[in-house]
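Enquirer: Numbering (the working numbering), first residue to last: 688 to 818. All C-beta atoms, glycine included, are put in the ideal place defined by N, C-alpha and C. Following this message is one structure expressed as structure tokens.
Written out as structure tokens, the structure reads:
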């Protein structure tokens, strides 16, 4: 809560940079950290993640082939997105967000968790955009 809440100003930028950085391990760790934060279900943490533009950062990272094809990264990113979208706060996402999420599902057809979560996230995105 202290980190994502902006009490350490450079923390959010550091984590978002790692999501798109060259190191796959650091990207996975950053994504897992965001997923853990979102998964707490704490309204303050989720609001801080949303205001910190983490949904955009996760979706932008998933556009990168190395993140899209990294099953652990994709799974954690979708989990975080679902938690944030279901959290009750308004989440503004890019026009291509649902397409990105569908591409993740297509990249991991054998992973039922990714497939189910991607369908749920796509639905939430489409509802938010129709909103």
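By Cβ distance below 8 Å, which residues in the same chain neighbour residue 803 in space, the five residues on each side in sequence not counted?
Expert: The sequence position of residue 803 within the chain shown is 116, counting from 1. None.
Enquirer: My guess is that residue 755 and residue 790 are in contact by the Cβ rule of under 8 Å, so how many angstroms apart are they, rounded?
Expert: Taking the first residue of the chain shown as 1, we reach residue 755 at position 68. Taking the first residue of the chain shown as 1, we reach residue 790 at position 103. Residue 755 to residue 790, Cβ: 6 Å. Contact.
Enquirer: As a quick exercise: from 728, 807, 729 and 722, pick the residue whose alpha carbon is nearest that of residue 744.
Expert: The count along the chain shown starts at 1 and reaches residue 744 at position 57. Ranking 728, 807, 729 and 722 by Cα distance to residue 744 puts 722 first.
Enquirer: Quick check on residue 709: does DSSP put it in helix, strand or coil?
Expert: The residue you call residue 709 lines up with position 22 of the chain shown. Here residue 709 sits in coil by DSSP.
Enquirer: Check for me: the alpha helix (DSSP H) holding residue 752 runs from which residue to which?
Expert: The residue given as residue 752 occupies position 65 in the chain shown. Element bounds for residue 752: 752 to 755.
Enquirer: Where does the unbroken alpha helix (DSSP H) through residue 741 begin, and where does it stop?
Expert: Walking along the chain shown from the start, residue 741 turns up at place 54. Where residue 741 is concerned, the enclosing alpha helix (DSSP H) stretches over 741 to 749.
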